[in-house]
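Okay, so here's the structure we're looking at.
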Amino acid sequence: MTARIIMKMNVCGVRAPTDTVRVYTFSHPRRPHLPRPTPGSHVDLHLPNGQIRQYSLCGDPDDDAVYQIAVKREDQGRGASRWIHENLRTGCTIPLSAPRNNFPLAEEDAARHIFIAGGIGITPILPMTIHLARRGIPFELHYCAHARRTAPFLPLLNEICGPQRLSTYFSDAGDQPASRLDVEQLLKSVTPGTHVYCCGPQRLTQAFRTVAANWPERYVHCEVFKPTLDENFVPEPFDVKIASTGEVLRIPASKSALEVLRAHGVALPSSCELGVCGACECRYREGTVIHRDSVLDIAARQDRMMLCVSRARVSVTLDL
Amino acid sequence: MSESRTKWWGGRLLHIHIAPAAAFEMEELEEANLVAGRGIEGDRYFFGTGTYSPKPDAREVTLFEMEVLAALARNDPPVQSGPIKLEPGDHRRNLTVQGVPLHHLVGKRFRVGATVLIGGRLNYPCKYLEELLGLPLYLPLYNRSGLNCRIEKGGIIRRGDPVEPLDDR
């Protein structure tokens, strides 16, 4: 995976579109033009306590002067969103990586696009809708949220999509009847050649994956910022062989390959260490890999693995 | 003994850059403190947090020729699709110098301001830099990717300091 430059950026704007979501805008103290994101990209935020967190860029993808992210405060989370809400203000400086895209738009001609977003999961999809609307490419957006007042970017989405392309679903619709998106029903009507994208809470993405399980993989796009939990997985020790030197390292059950390699002086890029960001991707040559990440597709898994969470049966030879 | 002889080259320190950790953008300094046997105060190789810190090498301070940036800007030699405009902070070496023949300084001592450096090995271009900058630099920087040095005598260096040979050629 590509290394990305880390820039100390200034917070040049903060707004609160809902009670729990804040939108932060960042500019660079010296660069008028930032590394350009493609729709669906995310950046890494480097917090002062050493935590690194991924946030989707939700601004206009054609504006290379600023980056914009939306952070939902999750008091039950690992603490990053709370820290950001409490400490990050206009004028603050914080290190931010250049963008990376694990959730790109399918760019081929004549592609049709259907987006399913739940709550804060709208963030990577918002720039996609801007991109497509600007180019007159057909799409539909199905946006689910708890209530109208908790759905970030709703006025902007109305403006971009108009009523023909935007359908909203609110479980608490005030005096109106509640509405829920029936993913199965929606996907039944999809014509072949349509790309379907989903980002949102695990309940929504899981429903989406279940319905789309038999679709060709290239038409199904899902963004995951939380690792898929597999409580039954029991890690076992294995050996990592470094192809260039022949050195063999033992990875104990309690440690990741990334940790052991790092302790042996092999400097590797890494970021989330949860199998969702794609930073520590590594090629392998031989061995049966137990893939536990949420980034690599089946084709990529033939010769690549994520060293932070994926393991191997007995041994694996890494292209290092 | 060689004091009376004309120095066969003499150059100048144009820019000083450091990065606080691996992959962080380089920051320009007006002056910097070189610590013998360690690095430039505040730089990732001083802290041991650089991308290549775990690899054995003399990488206390790295130098790069301004002339190479000029050559890249005029697409010389034309090994890439066109001119490449690289700022002095972009190449990720610490000191950008002019009039200093880095290739001739492997194993040689030379002075930068009040400090003394020893040329280690010539740096080679890396895919890492290419990825960081999103530019095709591997081939354009081949054989001209700078010099890794050790610091024999530390001290303060400043932009504009003279760079001069100490050993005979």
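Respectively, the protein sequence lines represent chains V and X.
Just remember that the numbering used here sits 237 ahead of the position in the first sequence, which is counted from 1.
Just remember that the numbering used here sits 23 ahead of the position in the second sequence, which is counted from 1.
Note that CB positions come from ideal geometry on N, CA and C, so glycine has one too.
Considering only the alpha carbon of each residue, which of V58/X, A42/X and E187/X lies closest to K131/X? E187/X
Chain-ordered chain V contacts of G157/X [CB-CB under 7 Å]: P272
Tell me which same chain residues have a C-beta within less than 6 Å of the C-beta of A240/V, skipping the five on either side of it? Within the same chain, A240/V has close Cβ partners P506.
Just the C-alpha distance for G277/V and G122/X, rounded to the nearest angstrom, thanks. 46 Å
In its own chain, which residues sit with a C-beta less than 6 Å from the C-beta of A42/X, not counting the 5 before and 5 after it? M49 and R67
Spell out whether any CB of chain X is found under 8 Å from the CB atom of V242/V. For the record, residue 242/V in the displayed sequence is Ile; it is not Val. Residue-level contact check: I242/V touches chain X, since one or more beta carbons of chain X fall below 8 Å from its beta carbon.
With DSSP run on the structure shown, which of helix, strand or coil describes N247/V? strand
CA-to-CA distance, P364/V to P300/V, given in whole angstroms: The sequence shown places Asp at residue 300/V, rather than the Pro named in the question. D300/V and P364/V: Cα-Cα distance of roughly 11 Å.
Roughly how many whole angstroms lie between the Cα atoms of V139/X and P124/X? 16 Å
By Cβ distance below 7 Å, which residues in the same chain neighbour R446/V in space, the five residues on each side in sequence not counted? C459
What would DSSP say about Y161/X, mapped onto helix, strand or coil? coil
By DSSP, does Y75/X sit in helix, in strand, or in coil? coil
Measure the alpha-carbon distance for W320/V versus L86/X and round it to whole angstroms. 39 Å
Per-residue contacts from E48/X into chain V (C-beta, under 8 Å): I242, I243, M244 and K245
Taking only beta-carbon positions, decide if T74/X is within less than 8 Å of chain V. yes
Taking 8 Å as the cut-off, decide whether the C-beta atoms of V553/V and E523/V are in contact. yes
Where F69/X sits in the DSSP three-state scheme: helix
Inter-residue CB distance, P438/V and G355/V (contact presumed, cutoff 8 Å): Sure, about 5 Å apart at Cβ, within 8 Å.
Using the rule of at least 16 other Cβ atoms within 10 Å of the residue's Cβ for burial, across every protein chain shown, is R550/V buried or exposed? When all chains shown are included, R550/V counts as exposed.
Looking only at C-alpha atoms, which of G177/X, P185/X, A45/X and P106/X sits nearest to L57/X? G177/X
DSSP three-state call for C545/V: helix, strand or coil? In the three-state scheme derived from DSSP, where H, G and I count as helix and E and B as strand, C545/V is classed as coil.
Interface residues of chain X facing P332/V [CB-CB closer than 8 Å]: F47
Could you tell me which residues DSSP puts in a beta bridge with L333/V? M244/V and L282/V
Give me whichever residues DSSP pairs with C436/V in a beta bridge. A354/V and E460/V
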